[in-house]
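*Asks:* Protein chains in written order, with our numbering: chain A, 1 to 292; chain B, 293 to 584. Here a beta-carbon is modelled for each residue, glycine too, at the ideal position from N, C-alpha and C. Because the structure is a prediction, the values reported are computed rather than measured. Sharing a structure, written as structure tokens. Questions coming.
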């Protein structure tokens, strides 16, 4: 993994952490606020990086794009808190730490997730973004679409349905599920930077579609091969649950090959941007090499 | 209750129902979408009425304000679905029907609530509102603040904390709790109509603060006196749980007197609007006379 990409990822993560800390400051030690801080800290911040790096590519300073980056990380954090609930995936470990409903309780986890979603939309309204109101409104509209019943929530519902249906999903079904569950938010992230810079998000959309799917295939590979000490979450759970994954459908080598093709596709979508897009190219290569 | 007010409430409810039906159309019979339709139907639609009636007072046609009305009803519906969950209030009856987690399951209830929140912000981005982008962005900002950790979610967290704390709340504490839990959204509703019409929301804020508190006191009175066949939800549960309520703190007569004072306060805040505000005055009188 390139040091330049790693440094930039870390830099974006730090900026987003400050932004979220500030947004949640001055509220004392109410458990729901503590849980919001806990749930929205840590993580790789790939979505934040995508917002800020595509922003930079379109001439948007970090001090402007960081609000949109924090917004998508708040949505991502809320989705993890709710997905980990006993009635959903029933997970006890996330980012190497106890999940929110274990550290506090289920009610606090539901509420912290709910409030993180509201917070995301607040962040997109911040004047510090220095973007015209219609651009920010378009970010609100597209984030609500990506997060809601046409995007992330639909994907999660399809996932739960598949588990209870008995019959494993086909490749087409699992591809659609993942495009909703993780692809929509990754897509929003890459497009947000272009929108903030007043650019055309078309190439970013092509890039992020390929990237999002590669990311999910890599996730399935990690679930088979990963080490809990590195990933910070339970591994092997998909296989244990008899769930269809890209690995069960394509085989380990087939899944690796498909992910590599998607990375080539993502990289090709950046051709018009030349040298400046090297960070995004590295990000695409990174998702299939990651040990996280 | 005045027939004029009753008719207008019904009319607003019908317009919001069409708006929400349209927003959720064309998605087939996915359980999470069915649950969203179910949870966002029915109800008195007092918040919708407040948006549309304060809108009318500020020269805003229903066809424009109905989107903001539907947005606040979507937030309200999501909060009811999540509040009814076993880990929260554990309710089995809502609007006279089984709660979402009983009719479907807990996972579907969590997801339907989550998606209803996203839907609310989508609705505020609709071009049919025919409002400048900065006005719609201000509606997004204020709704996110009213719904999130500085408003509704904080109130719900305070409520849960009070239940587990053992010691009943003081009058000041319960007033603050209710201002957050129900007041913030009622306040947003009354202010939204003024904002959409480019007016000053100050008087609407005074009106809705008094109205929101009167509404909650009336709710506590109904919990003691109400009939489940009329209210459509469990009654007597606060007393059974040993919770402090306005009735337990002020006595039944004291609570009635306080609610009546608040209605006078709400009505007085409308003085400058003259005849045109009669619907809002009736609404204030209605909240303490309601059998719902």
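Run through chain A and tell me which residues come within less than 8 Å of residue 383 (chain B), C-beta to C-beta.
*Replies:* The premise fails here: residue 383 (chain B) is roughly 13 Å from chain A at the closest Cβ pair, so nothing lies under 8 Å.
*Asks:* CB-CB under 7 Å to residue 293 (chain B), same chain, minus the five flanking residues each way: which ones, in chain order?
*Replies:* The predicted position of residue 293 (chain B) is uncertain, since its pLDDT is 46 and thus under 50; a value taken from the coordinates is nonetheless stated next. Here the set comprises 578, 581.
*Asks:* Whole angstroms are fine: how far does the CA of residue 213 (chain A) sit from the CA of residue 486 (chain B)?
*Replies:* Each residue's alpha carbon lies about 45 Å from the other.
*Asks:* Using only alpha-carbon positions, find the residue among B:572, B:513, B:518 that is nearest to residue 586 (chain B).
*Replies:* Past the edges of chain B, shown from 293 to 584, lies residue 586 (chain B), and the structure says nothing about it.
*Asks:* Identify the contact partners of residue 368 (chain B) in chain A, using a Cβ-Cβ distance below 8 Å as the criterion.
*Replies:* Those within 8 Å of residue 368 (chain B) in chain A number zero; the least Cβ separation is about 13 Å.
*Asks:* If we cut at 8 Å on Cβ distances, does residue 183 (chain A) have a partner in chain B?
*Replies:* Judged by the 8 Å Cβ criterion, residue 183 (chain A) is not in contact with chain B.
*Asks:* Scan the segment 144-156 of chain A for residues whose Cβ lies nearer than 9 Å to a Cβ of chain B and list them as they occur along the chain.
*Replies:* Within the segment 144-156 of chain A, the qualifying residues are 144, 145, 146, 147, 148, 149, 150, 151, 152, 153, 154, 156.
*Asks:* Going along chain A, which residues have a C-beta under 7 Å from residue 452 (chain B)?
*Replies:* Correct list: 107.
*Asks:* Could you name the residues of chain B that residue 134 (chain A) contacts, counting a contact when the two beta carbons are closer than 8 Å?
*Replies:* Within chain B, the residues near residue 134 (chain A) are 425.
*Asks:* Short check: CB of residue 179 (chain A) to CB of residue 403 (chain B), under 8 Å?
*Replies:* Result no, Cβ atoms of residue 179 (chain A) and residue 403 (chain B) do not sit closer than 8 Å.
*Asks:* To which residues of the same chain is residue 27 (chain A) closer than 8 Å at the C-beta, ignoring the five residues directly before and after it?
*Replies:* 33.
*Asks:* Counting only C-beta atoms, is residue 332 (chain B) closer than 8 Å to chain A at any point?
*Replies:* Not closer than 8 Å to any Cβ of chain A, the Cβ of residue 332 (chain B) fails to qualify, so no.
*Asks:* Of all the residues that make up the segment 117-131 of chain A, which are near chain C by a beta-carbon distance shorter than 7 Å?
*Replies:* Of the protein chains in this structure, namely A and B, none is chain C.
*Asks:* To which residues does DSSP link residue 389 (chain B) through a beta bridge?
*Replies:* BP columns for residue 389 (chain B) point to B:386.
*Asks:* Starting from residue 115 (chain A), find everything on chain B with Cβ-Cβ shorter than 7 Å and list it in chain order.
*Replies:* Here the neighbours are 440, 441, 445.
*Asks:* Suppose you measure from the CA of residue 298 (chain A) to the CA of residue 84 (chain A); what does that come to, to the nearest Å?
*Replies:* What the structure shows of chain A is the stretch from 1 to 292, and residue 298 (chain A) is not part of that stretch, so it cannot be assessed.
*Asks:* Taking Cβ-Cβ distances below 7 Å as the criterion, which residues of the segment 328-361 of chain B are in contact with chain A?
*Replies:* If the cut-off is 7 Å between Cβ atoms, the segment 328-361 of chain B has 328 near chain A.
*Asks:* Quick one: Cα of residue 292 (chain A) to Cα of residue 44 (chain A), how far?
*Replies:* With a pLDDT of 40 at residue 292 (chain A), under the threshold of 50, the modelled position of this residue cannot be trusted, and the question is left open.
*Asks:* Thinking C-beta only, is residue 135 (chain A) closer than 8 Å to residue 196 (chain A)?
*Replies:* In this structure, residue 135 (chain A) lies closer than 8 Å to residue 196 (chain A) by Cβ.
*Asks:* Taking C-beta pairs closer than 9 Å, name the residues in chain B that residue 27 (chain A) reaches, listed in chain order.
*Replies:* The contacting residues are 441, 442, 446.
*Asks:* For residue 322 (chain B), which of helix, strand or coil comes out of DSSP?
*Replies:* Here residue 322 (chain B) sits in coil by DSSP.
*Asks:* So residue 12 (chain A) contacts chain B; which residues on that side make the cut at Cβ distance below 7 Å?
*Replies:* In chain order: nothing, as chain B lies at least about 23 Å away.
*Asks:* Can you give me the start and stop residues for the alpha helix (DSSP H) that residue 350 (chain B) sits inside?
*Replies:* Where residue 350 (chain B) is concerned, there is no enclosing alpha helix (DSSP H), given that its DSSP letter is neither H nor E.
*Asks:* At a CB-CB cut-off below 9 Å, which residues of chain A make contact with residue 325 (chain B)?
*Replies:* Under the 9 Å cutoff, chain A gives 149, 154, 157.
*Asks:* Is residue 87 (chain A) helix, strand or coil by DSSP?
*Replies:* Residue 87 (chain A) falls in the coil class under three-state DSSP.
*Asks:* Report buried or exposed for residue 463 (chain B), applying the criterion of at least 16 other Cβ atoms within 10 angstroms of its Cβ.
*Replies:* Exposed, since its Cβ has fewer than 16 Cβ neighbours within 10 Å.
*Asks:* Mapping the DSSP letters down to three states, classify residue 181 (chain A) as helix, strand or coil.
*Replies:* Residue state, collapsed to three classes: helix.
*Asks:* With contact counted as at least three CB pairs below 8 Å, one residue from each stretch, are the segment 38-52 of chain A and the segment 71-79 of chain A in contact?
*Replies:* Result yes; three or more Cβ-Cβ pairs closer than 8 Å.
*Asks:* Residue 535 (chain B) by DSSP, collapsed to three states: which one?
*Replies:* Here residue 535 (chain B) sits in coil by DSSP.
*Asks:* Of the choices A:117, A:144, A:254, A:18, whose alpha-carbon is the least far from that of residue 441 (chain B)?
*Replies:* When each option's Cα is compared against that of residue 441 (chain B), the closest is A:117.
*Asks:* Hey, does residue 380 (chain B) have any beta-carbon neighbour from chain A nearer than 8 Å?
*Replies:* Closer than 8 Å to some Cβ of chain A, the Cβ of residue 380 (chain B) qualifies, so yes.
*Asks:* Please classify residue 568 (chain B) as buried or exposed, where buried requires at least 16 other C-beta atoms within 10 Å of its C-beta.
*Replies:* Under this definition residue 568 (chain B) is an exposed residue.
*Asks:* From residue 331 (chain B) to residue 400 (chain B), what distance separates their C-alpha atoms?
*Replies:* Going by the C-alpha atoms only, they are around 11 Å apart.
*Asks:* Give a yes or no on whether the C-beta atoms belonging to residue 482 (chain B) and residue 360 (chain B) are separated by under 8 Å.
*Replies:* The answer is no: Cβ separation not under 8 Å.
*Asks:* Note down, in chain order, each residue of its chain lying with its Cβ closer than 8 Å to the Cβ of residue 562 (chain B), except the 5 sequence neighbours on either side.
*Replies:* Only 495, 499, 569, 572, 573 meet the Cβ criterion.
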